[in-house]
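A quick write-up on the structure given underneath.
2 protein chains.
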Amino acid sequence: MIQRRKTRRIKVGSVAIGGDALISVQSMANTDTRDAEATIKQIHRLESAGCEIVRIAVPDAEAAGKVKDIKARVSIPVIADIHFDHRLALESIKGGVDGLRINPGNIGSRQKVEMVVAAAKDRGIPIRIGVNAGSLEKGLEQKMGSVPAAMVESAKRHIGILEDLGFSDIKISLKASDVPETLEAHRLLAKEVDYPFHIGISEAGTLESGTIKSSVGLGILLSEGLGDTLRVSLSADPVEEVRVGFGILKALGLRQRGIDLISCPTCSRQEIDVISLAREVEQAMSKVPATLHIAVMGCAVNGPGEARKADLAICGGKGIGVLYRKGEMLRKVKKEDIISELMKEITSIAKS
Amino acid sequence: MIQRRKTRRIKVGSVAIGGDALISVQSMANTDTRDAEATIKQIHRLESAGCEIVRIAVPDAEAAGKVKDIKARVSIPVIADIHFDHRLALESIKGGVDGLRINPGNIGSRQKVEMVVAAAKDRGIPIRIGVNAGSLEKGLEQKMGSVPAAMVESAKRHIGILEDLGFSDIKISLKASDVPETLEAHRLLAKEVDYPFHIGISEAGTLESGTIKSSVGLGILLSEGLGDTLRVSLSADPVEEVRVGFGILKALGLRQRGIDLISCPTCSRQEIDVISLAREVEQAMSKVPATLHIAVMGCAVNGPGEARKADLAICGGKGIGVLYRKGEMLRKVKKEDIISELMKEITSIAKS
């Protein structure tokens, strides 16, 4: 039902972004890039979690020198995040990065920008222009009258610099920590350019509060068709960013990954312990590669209805659970056997 | 920026819903209502968390008999959730409930419905019609061609029964565990009636997955102006439902409550341990009644920009944190003193 905005297609390594490409899930390593071992280890964990593109900060020459080692030992595309210094971009490109996040207006003379653009063109590497409400050009908000308008103006300035050099292998991000400002900036820029959007809410907060803020903000953008790749920013283990990112896309039916768990909020009608059972199912399923829709329901009010649509369902009854597969009642099982009986069915489905 | 749908205003106890009333946050007790002590204790915890309306399940006469005791000892309005049996509704009204959640089409003869409606009218008690995709009338989905159309048809049937009896003190919920179905049902019914919407995603899942699904679904509805009161359904402690509910509203600027924390996602540029610091701030702030906007930023790239807009901010530097108040730099503080220095400022703001 979502009408995605029509955007150009770019590629970050093997991952297509924009056009009708699947909306990809990114994260950013929070290790010290100069510690290549730690960074590689974290990227491997991100790969296992399903992360499709990873960004690393390249704050100095030592970090830039590690790009090559990191690239050699990870499978997913790597983007170098660079501020102010064009030499770090050139060095990262030499090291084999698959994308740059650099704002051309912030790296000095036209000659420096030309060098970076020439190197990126030569290697077919896209550039993300990353506008952040927290670091807008001085006075731009006053001039444009609002933060979203200033974000859009800033993006257009950076885009203009690249387009003047004949470079259009671009994606754009417009991040603010304020959700309404983020929404407004995207709505405005979407009317003006067709470059793909990398969406995110910046500085969203801790795992708990940041999950809510990111899900609200990115959910609304995606429902309006805005967003070609996303990164959830959390003050947490970046693996959580990937889990939340897929969770947002799954909620809207835009991606499938792993378990889709439906479980009731529990009330005094519940006949089985839904909270612990749902957690057990979620944990058990985290090791199963199949994409399955599973319902854990406490009672007979909404249980059988939800069971009809699920690959597998368990509904609470007095002292027992009733097991369903594709809406067909299979059998009654004792409370203590629910997880083992469910896992039997999951294994059988995974095989078939 | 959000244009709220124009709806009638009803009242659940002292809480107004619809019209231009604040969007209220509800939860549901998951204790056994027959255990009045446990239920009262849980409602007190919900009240402390900011819950504004609480629902309790009334599955039998014993539970209905406890409504009076519960009402006597809690401060927020109480709604009785009833299925099939009109006598439980009558008994709950006698016990003093502030609202009913009951579907008139499911309680039998017109005479039974009339008795409930007369009692509700007499006491000025609104009725929520709660349509759930998991318990639609048999064959309705096939007849209407889709789940959302069937949900709307079901709601209209129940509404019709009440309107025929001259009763319009109504709010409606249209819950599905599938987000796009939930969205579609609300968009359809919004065109046909002006009763306020109680919004929620049913059976959303565990704390982790349910937070994402509810934030995406309710965030989109709210961004479209749909929703006058909300309940987040989680297979978790209902106190979490209240926290997430306010989090969703805060993200969209629709409510203010407690801390609004901005914290960066950490990268190799960070000079302070943002993850643990953000958690410490969030915990310390959970006891402070003031509404404050606080930024915890790892470095100088976006830090000072975010600090400009925050009531208080701490930005990482080499071995130190830089403390800001309303965008003005206050002083540099040692890493180990950051929390105590922040709390000093919070106390000073709270006093002023």
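Sequence order for the protein chains is L and G.
Sequence positions in the first sequence follow our numbering and run 36 to 387.
Sequence positions in the second sequence follow our numbering and run 36 to 387.
Note that beta-carbon positions come from the ideal geometry of N, C-alpha and C, so glycine has one too.
Which residues mark the beginning and the end of the alpha helix (DSSP H) in which residue i is found?
i: Q177(G); result: L175 to M179
i: D157(L); result: R145 to R158
i: A64(L); result: Unbroken run through A64(L): none, as it is neither H nor E.
i: R80(G); result: A71 to S83
i: V228(L); result: Looking at the DSSP string, V228(L) is not in any alpha helix (DSSP H), and its letter there is neither H nor E.
i: E97(G); result: A96 to R108
i: I381(G); result: I373 to K386
i: L200(L); result: Careful: L200(L) lies outside any alpha helix (DSSP H) and carries neither H nor E.
i: K129(L); result: H121 to K129
Quick one: residues in its chain with C-beta nearer than 8 Å to the C-beta of residue i, no 5 flanking neighbours on either side, listed in chain order?
i: S321(L); result: G293 and I294
i: R158(G); result: I128
i: M378(L); result: A319
Going along the chain, which residues of its own chain have a beta-carbon closer than 6 Å to the beta-carbon of residue i, five neighbours each way excluded?
i: T42(L); result: G53, D229, P231 and D263
i: A51(L); result: R44
i: R40(L); result: A225, G260 and L261
i: S127(G); result: V93, A99, V102 and A115
i: R424(G); result: As displayed, chain G neither begins before 36 nor continues past 387, which places residue 424(G) out of reach and without an answer.
i: V90(L); result: The identity of residue 90(L) in the sequence shown is Arg, whereas the question assumes Val. Excluding sequence neighbours, R90(L) sits near M63, I114 and D116.
i: I334(L); result: The amino acid at residue 334(L) is misidentified as Ile; the sequence shows Cys. Answer for C334(L): R304, Q305, E306 and G351, listed in chain order.
i: L327(L); result: I294 and D346
i: T66(G); result: A73, T74 and Q77
i: H193(L); result: N138, P139, G140 and I164
i: L289(L); result: I58
i: A271(L); result: L242
i: G252(L); result: V214, T217 and I236
Using a Cβ-Cβ distance cut-off of 7 Å, determine whether residue i contacts chain L.
i: T246(G); result: yes
i: S268(G); result: yes
i: M63(G); result: yes
i: T42(G); result: no
i: M320(G); result: no
i: L296(G); result: yes
i: A211(G); result: no
i: V187(G); result: no
i: E172(G); result: no
i: T301(G); result: yes
i: I283(G); result: yes
i: P231(G); result: no
Output yes if chain G places a C-beta closer than 7 Å to the C-beta of residue i; else output no.
i: M378(L); result: no
i: N138(L); result: no
i: E238(L); result: yes
i: T241(L); result: yes
i: P112(L); result: no
i: G180(L); result: no
i: S258(L); result: yes
i: N167(L); result: yes
i: S127(L); result: no
i: I307(L); result: no
i: G254(L); result: yes
Within its chain, find whatever has a CB closer than 7 Å to the CB of residue i; leave out the 5 residues flanking it on each side and keep chain order.
i: V277(G); result: V60, S62, L81, A84, G85 and C86
i: E376(L); result: L358 and V368
i: E97(G); result: R69
i: V274(L); result: R80, L81 and A84
Could you check if residue i is buried or exposed, using at least 16 other CB atoms within 10 Å of its CB as the buried criterion?
i: M332(L); result: buried
i: E371(L); result: exposed
i: S110(G); result: exposed
i: M186(L); result: buried
i: F202(G); result: buried
i: E227(L); result: exposed
i: E198(L); result: exposed
i: T418(L); result: Limits of chain L in this structure are 36 at one end and 387 at the other, which puts residue 418(L) out of reach.
i: K178(G); result: exposed
i: F119(L); result: exposed
i: G280(L); result: buried
i: K353(L); result: exposed
i: G180(G); result: exposed
Going by DSSP, what residue range makes up the beta strand (DSSP E) through residue i?
i: G356(L); result: I355 to R360
i: A92(L); result: I88 to A92
i: E363(G); result: E363 to K369
i: K248(G); result: No beta strand (DSSP E) holds K248(G); the alpha helix (DSSP H) holding it covers L242 to S258.
i: I164(L); result: I162 to N167
i: R136(L); result: G134 to R136
Complete beta strand (DSSP E) runs within the stretch 267-349 of chain G (minimum length 3 residues, chain order): Qualifying beta strand (DSSP E) stretches, in chain order: 294-298 and 327-332.
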